Structures are given as structure tokens and as C-alpha cells.
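If you use the numbering used here, the sequence shown corresponds to residues 1 to 467, in order. Backbone N, C-alpha and C fix where the C-beta goes; we use that ideal spot for every residue, glycine too. Values in this document were obtained by computation on a predicted structure and should not be read as measured data.
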Amino acid sequence: MGCPGGTALSFLLVFVPVYLHGAWSQEAGPAGQRKPFFERLRRLEEQFRRFQEVTLTHLQAVARNYNLSYSIDARFQSLAQESQALALAVNQSQATVQGDLGHLKTWIRKTQRRSRKVDSRLLALGAALRERTQQLTRERKEQAAQREALSSLALDMRALQDTLAHLTGVVQSQGARLDALKEWLPVACPGTTDPARPGLPSQSSLELQGIRQVLRPSPEPLGPPRDFAGRLQGTREPPGPGGQRAWRPESLGEICNVGPALVFPNTSTENVVFLSPGFLSGLRALSVCSWVRTASGHLGTLLSYATAENDNKLVLHGRDSLAPGSIHFVIGDPAFRELPLQPLLDGQWHHVCVIWTSLLGRYWLHVDRRLVATGSRFREGYEIPPGGSLVLGQEQDIVGGGFDGSEAFVGSMAGLAIWDRVLVPGEVSHLATGKEVPPGAILTLANAASIGGFVRRVNCTCLELCP
Numbered sequence: 001m002g003c004p005g006g007t008a009l010s011f012l013l014v015f016v017p018v019y020l021h022g023a024w025s026q027e028a029g030p031a032g033q034r035k036p037f038f039e040r041l042r043r044l045e046e047q048f049r050r051f052q053e054v055t056l057t058h059l060q061a062v063a064r065n066y067n068l069s070y071s072i073d074a075r076f077q078s079l080a081q082e083s084q085a086l087a088l089a090v091n092q093s094q095a096t097v098q099g100d101l102g103h104l105k106t107w108i109r110k111t112q113r114r115s116r117k118v119d120s121r122l123l124a125l126g127a128a129l130r131e132r133t134q135q136l137t138r139e140r141k142e143q144a145a146q147r148e149a150l151s152s153l154a155l156d157m158r159a160l161q162d163t164l165a166h167l168t169g170v171v172q173s174q175g176a177r178l179d180a181l182k183e184w185l186p187v188a189c190p191g192t193t194d195p196a197r198p199g200l201p202s203q204s205s206l207e208l209q210g211i212r213q214v215l216r217p218s219p220e221p222l223g224p225p226r227d228f229a230g231r232l233q234g235t236r237e238p239p240g241p242g243g244q245r246a247w248r249p250e251s252l253g254e255i256c257n258v259g260p261a262l263v264f265p266n267t268s269t270e271n272v273v274f275l276s277p278g279f280l281s282g283l284r285a286l287s288v289c290s291w292v293r294t295a296s297g298h299l300g301t302l303l304s305y306a307t308a309e310n311d312n313k314l315v316l317h318g319r320d321s322l323a324p325g326s327i328h329f330v331i332g333d334p335a336f337r338e339l340p341l342q343p344l345l346d347g348q349w350h351h352v353c354v355i356w357t358s359l360l361g362r363y364w365l366h367v368d369r370r371l372v373a374t375g376s377r378f379r380e381g382y383e384i385p386p387g388g389s390l391v392l393g394q395e396q397d398i399v400g401g402g403f404d405g406s407e408a409f410v411g412s413m414a415g416l417a418i419w420d421r422v423l424v425p426g427e428v429s430h431l432a433t434g435k436e437v438p439p440g441a442i443l444t445l446a447n448a449a450s451i452g453g454f455v456r457r458v459n460c461t462c463l464e465l466c467p
């Protein structure tokens, strides 16, 4: 589309020369015709002047319109740039919001998982409390039966004392009769041998010997056969949670040939040791033994085995919420047993063996060769699945991660080994005294495939030299 100002200017440039040419032609004519010519020329000049004004006004309007269109184009360009910047800011905000939503979803899933774990543990604690209440009820009944038995025994003792007093009177009367017989016998039979001569027991001595045999306590019979835990076969388990028994310290002497030691210096979440290849097959029995020395007021997590199905398939860990020196032995969360490990809080080396079998759900805890806890019906018939992640020093909330510094182990481990069978007491004793390592261990510290954080691996000849 052409510009109107340009068309008018072109018309003017064509029209003026033509008009001037006509005027010059008329000047050569007669003088009578000049006056109308100048009058016409003056009118033309006025028309031309008005035309110039109109043209100028039109050109100024065109210029203003051009400036306005230029300003509009510049404004459009500015608006386009602003819209691009706004779109970029919106995209960035959307990406940030999506990232925050992703973190929020992850946190919500983790919180839900932990809440489910807490609910499961609360249910397990409720079940354990009910079981404990039932045990206390049974113990009260047993104590009442024992009190009745003691009362009956006291009555029997009083009857025995009365019988003993009666027998004492009989013995005294028999002694008087014996003295009378001794006086009468030489008179009645002068040639009779003295009954008091050595080698020929008299009637009174035979009676006294019989009385002594009656009053002499019977010898202790040989103890009945005992099972693996050292308890009498056919008897009930000792009272108390987990069948705990009193522990007395015992010096084990110098222990050597325990293999490498791992030192966990602090509670950093990077202090973790991965054992590989883990469990290659399902476990229906398990023995975990290690020398342990703690350097803090709580035990922390000794071992954690997690799978995609459950992040607490096998755990040995102590928490701040537990009693000092207590540890949870977890198999297939939420099932667990609380075990006493108070001796480990003295900062010295101690040998710990935790043993479990799915047969009747039996488990045993040995500390420095002594059986300090035992029980049954713990994950009876259960199988620990293969293919999980096995770590030392941290508790896994997800497979291979989700560590928490409050659950970290601080101290040293040495000679750790895992068997897929139940170790007998003799093997535990030999292991704790450094005599020999039972055969068939499926994992040891030699399987430490990754040592992270500030954990140090130390080779020491004897246990006393390990840090």
C-alpha cells in the first residue's frame, strides 16, 4: 500500500511545470489578456499555498502516524520480550514447584513408611506386653504353687524333726538296755566273748548303723540330660523377657588371630561398611559372632540387612529410646526380641554371638562364652530371603541408604563372621577364646566390599593391640 503524501507530491511536481508553461505562452499574447492571467495566477498561487498547507498538514499527520506505528512496533517488541521472559520465569517456577512436589512426595512416602513401621512396632510391643502379662500371671501361679510346696516341705521337716527326736529317745533307751546286758552277760554266761571286742559288731552297733543310714541324706543323682541352651530337658524357660540370665564378668586371657578390625570413630552417616555378596540363599538358621568394643554410651547398629520388600529383614541395633545396654534383635520387621548387652558399655572388648533357628523359633545370646539370654517361638518357620543389602555400622531405611546418625555404631569390631547354621556351645567357646574358627562361615570381614566415611580397617596380631 503506497503513501498518500508521496502521491500528492508527485502530482504537484507534474502540475506546476505544466501550469508555468501555459502562463509563459499567454505572456506572448495581447496585453488585454494579461490582467485575467495575473488574476488567475494569483488565485492559482493561493490555491497552491493552500494546497501546500494541506499537503504539509497531511505530511505531518503521516509523520505522526509513522512515529506512532514505530512506537507501537517498539512496544510490541518490548511486549514480546517481556512475554518471553515471563514464559521463561513461569517454566522455571514450574520446574521448581515440580521439584518441591517431588521432594514433598518422597518425604510423605518416607513418613508413611516410618509411620507404618511405628504402628507395626507398637502392635508388636502390645503383643509382647500381653505375652509378658501372661508370663507374669503364670509366674504368680508358679510362685503360689512353690509357696504351697514350701509350706508342705516345712510340715515335712517338722515331722522329720519329731521323728528324729523320737529316734533319739529310742537310741538312748537302747543304750541303757545295752549297758544292762553288758552287766548281766558275764554273770549269766561266764565264757562268752566280750561283745565290745573289735571285729564283732554288737546288736546295738548294728542298730546305730541302721539309724545313721536312715538319717544320712541320699547322694545327689546325676543331673538329667540338658539341651543346647544348657537347660534341663522338659523344664520351662527361665522367667523374664527373653529368658535373660545374670551375667558375671570373666577374663578370657590373651586372644590372638582374630583377623582384621574395623574402627567406627563417630556417628557420621557416611561411616558404613557393605558386605558383598550378601546372602546368596534363604536362611532358616543363623549365627552372627563378633568381637565388639563400644566407645559411646549406646550400642548403635551392629548389623542391618534390607531387601526391597522390607528394610529390616535382619537388624541388630540399639536406640536411644531403649534401656542402656539393650539391643533389638529384629527378623522380618516388626518381629523382634530385646536382648541384654549391658557388659558392652564398659568400653572393653567382648565376644558376642547371636544364634537363631526357625525350628521352634529358638534363639540364644552368648556374651564372653556365657549364655545370657534364650527363648523360643521367635519367627518360627521363617526364612530370611536372599538378594538384599548387608551393612555394618548403620541401620537402613531403604536398600543401601536412608542412614541416621542417631542409629550409628561408634566403636570397633573384630573377627566378625556369619554362619547359616546353629553353632553349638563348644564352637562358641573355642571362637571366644581364639582357639579355632568353626568351619562353614558364609560371610566374614574379608567380604567388606566397600568401606565408607571415616571407617578404618586395621590389622592387629592380638585383640589387646586393636584400637
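For SER429, the enclosing alpha helix (DSSP H) has its first and last residue at 425-432.
By the Cβ rule, the stretch 410-423 counts as touching the stretch 348-363, because three or more pairs are nearer than 8 Å. Runs of the alpha helix (DSSP H) lying entirely within the stretch 327-372, each at least 4 residues long, are absent. Of all alpha-carbon atoms in LEU125, GLY440, VAL367 and VAL272, the one lying nearest the alpha-carbon of VAL410 is that of VAL272. Around the CB of LEU68, fewer than 16 other CB atoms lie within 10 Å, so the residue is classed as exposed. According to the DSSP secondary-structure assignment, TYR305 is paired through a beta bridge with LEU314 and LEU390.
The three-state reading of DSSP puts SER71 in helix, counting H, G and I together. Note that the C-beta distance between ASN447 and SER276 is below 7 Å.
Comparing C-alpha distances from ALA432 to each of PHE329, LEU262, TRP291 and VAL170 shows the shortest one belongs to TRP291.
In this chain, the beta strand (DSSP E) harbouring PHE274 covers 273-275. In this structure PRO186 is exposed. Its beta-carbon is surrounded by fewer than 16 other beta-carbon atoms within 10 angstroms. For VAL458, the CB contacts under 7 Å within the same chain, skipping 5 residues up- and downstream, are PRO260, ALA261, VAL263, CYS466 and PRO467 in chain order. Exposed is the label assigned to ILE398, since fewer than 16 other Cβ atoms lie within 10 Å of its Cβ.
LEU365 places its beta carbon 7 Å or farther from that of THR294. Between the stretch 380-394 and the stretch 279-287 there are three or more C-beta pairs closer than 8 Å, enough to call the two in contact. Remark: C-beta atoms of PHE274 and SER450 approach each other more closely than 7 Å.
Using a C-beta cut-off of 8 Å, the stretch 313-322 makes contact with the stretch 294-303, since at least three inter-stretch Cβ pairs fall below that distance. Classified as exposed, HIS58 has fewer than 16 neighbouring CB atoms from the shown chains inside 10 Å of its CB. Here DSSP, grouped into helix, strand and coil, assigns SER78 to helix. Per DSSP, the beta bridge partners of CYS289 are CYS353 and ALA417. With 16 or more other CB atoms across the displayed protein chains lying within 10 angstroms of its CB, GLN396 is buried. SER412 carries a strand assignment under DSSP once its states are collapsed to helix, strand and coil.
Per DSSP, the continuous beta strand (DSSP E) segment holding SER450 begins and ends at 448-451. Across the set LEU160, ASN266, PHE48 and TRP107, the C-alpha of TRP107 shows the shortest separation from the C-alpha of GLY402. A Cβ-Cβ separation of about 6 Å places TYR382 in contact with ILE331 under the 8 Å criterion. Rounded to whole angstroms, the separation of the alpha carbons of ARG140 and GLU148 is 12 Å. For ILE255, the secondary structure class from DSSP, reduced to helix, strand or coil, is coil. When C-alpha distances from LEU339 are compared across ASP333, LEU299 and THR111, the shortest belongs to LEU299. If you draw a straight line from the Cα of LEU322 to the Cα of HIS430, it is about 32 Å long.
Taken through DSSP and simplified to helix, strand or coil, LEU262 comes out as strand. Taking C-beta separations shorter than 6 Å and ignoring five residues to either side along the sequence, GLN47 has no partners in its chain.
For the pair GLY297 and GLU427, the Cα-to-Cα distance works out to about 31 Å. With contacts defined by Cβ atoms closer than 7 Å, VAL258 and LEU101 do not form a contacting pair. GLU270 and GLY453 do touch by the CB rule: their CB atoms are close to 3 Å apart, below 8 Å.
Around the beta-carbon of CYS256, fewer than 16 other beta-carbon atoms lie within 10 Å, marking it exposed.
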